[in-house]
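Here's the structure we're looking at; comments come further down.
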Amino acid sequence: MPADGTTDNHRLTLPPQPPPQPSPPNGNSNGIIPLQVPTNSNYRLRLNPHQDHKPESYDDLQSEFTPLLFSSLEKYLPHNMLNVSRESKHKYMREILRRYSDEGERNRIKKHNEYRQRIISNYQPLYRDIYQMNATTAFFVPSFIQAFATSDSNRDERIRNIMSEPAPGVYTFNMLQPGFCEMLLAEVANFEKWIHETRFRIMRPNTMNKFGAVLDDFGMEPMLEKLMEDFIRHISRIFFADVGGFVLDSHHGFVVEYGYNRDIELGLHVDDSEVTLNVCLGKHFSGGELFFKGVRCDKHMNTEALPEEIFDYSHVRGHAIMHRGRHRHGARATTTGDRINLLLWCRSSVFRELRKHQKEFESWCGECQREKRERLNQVVAAKKGEFF
Ligand SMILES: [Zn+2]
């Protein structure tokens, strides 16, 4: 399980990974997940969250895991742990998380944090203003801010109103101000100039993009975490609840660069995310359309796309597109100019854990759905055969 956003498995995958590891027999009847932790432990989480429980904030408590992870895990604590002190809950959850992430993983996270610190303590930002979430018209277009303005019961409706769904499971909306896009592009260029001058060896965003930069690595992690927490989680809760959109708890934020002397295109793949936000920052370009070929689970990753699953999207500067990480997609060649996009891969450790216990078909996989329909049709046909 990724303990925070700093895992190195920033993979874009296709063809599929090896078949999933066998999980232990599912749930005993009291709704508790055996968390595959070493025996001698009686620390457990519940399978079903306490929906009404309001989690505490862990922002000020230091540990190797992100504070948001604790807030989202809290609803899964056993009943008798819900009302103990915040410190006790923190300790309990940290124990579970530690047992879970092996030592190799913890070392890697530690090394990655040191790598980040080396960058942050040496790199001088160009625009400090964009390193902190500033939910005003400096960042976002007015329609976007207004949709989130208050957390009343109409908020979901207002969010729905700014969204278009040009294809099933693909949502687009106007999001970023041109001025903010300019500043972010200039900041990335400044960072790249610094890399060039200091010959600092940086890690690229993922296994397939050879150009671009990880924004989390040079100081933008808190801002992007806030972007996910204050905005993207609300959108995901409405549209992507089936893939854990209601419990997103970590992210991987980066920019990708396409054009002359950059990446040209990107083959069909899935993201290492539950929900992906992709915003075009500019500049001037032609081509570079995103193409989609349906949502798939591990088992069905290489199955054919149905005609209704095929969809092309042309980027518009400042506009965002959101889709499930498991929605197979790629980028067509950017034929002229430079195209730079902001990507936020949003993840849910809770969803990833729960999925291990899922035995049935996946509700969000196009092929699983098709198989289920087919089975149903066969049953209906057999029944008809009995009658006539
Ligand atoms: Zn499937």
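Heads up: the sequence shown at position 330 corresponds to 330 in full-length UniProt numbering, and the numbers run straight through without jumps.
Where a beta carbon is used, it is the ideal one built from N, C-alpha and C, also for glycine.
A straight line joining the alpha-carbon of L266 with that of Y127 spans about 30 angstroms. For F285, the pairing in a beta bridge is given by DSSP as G337. Separation of E187 and E225 (C-alpha to C-alpha, rounded to the nearest whole angstrom) is 18 angstroms.
DSSP, read as helix, strand or coil, puts V188 in helix. By the 16-neighbour rule on beta-carbons within 10 angstroms, P55 is buried. With a threshold of 8 angstroms, the Cβ atom of R296 counts as near ligand 1, since some heavy atom of the ligand is closer than that. For Y258, the beta-bridge partners assigned by DSSP are D263, R339.
Taking non-hydrogen atoms of ligand 1 into account, the C-beta of H300 is found less than 8 angstroms away from one of them.
When the beta-carbon positions are compared, V275 and N209 stay at least 9 angstroms from each other.
The shortest C-alpha to C-alpha distance from I120 to any of D52, G219, E157 is the one to G219. For F361, the CB falls within less than 8 angstroms of some heavy atom of ligand 1. Across the structure, V247 and K283 are spaced so that their CA atoms are roughly 34 angstroms apart.
Taking each of H252, M93, G169 in turn and checking the Cα distance to K293, the smallest one comes out for G169. Within its own chain, the residues whose Cβ lies closer than 7 angstroms to the Cβ of E367, once the five positions on either side in sequence are excluded, are R296, H300, T303, listed in chain order.
With fewer than three CB-CB distances shorter than 8 angstroms, the region 331 to 338 does not count as touching the region 190 to 197. Contact check for D242 and S349: beta-carbon distance about 17 angstroms, past the 8 angstroms limit, so the pair fails to qualify.
Boundaries for L376: no beta strand (DSSP E) harbours it, while the alpha helix (DSSP H) harbouring it runs 366 to 387, taken from the DSSP string. For K89, the number of other beta carbons within 10 angstroms of its own is at least 16, and it is reported as buried.
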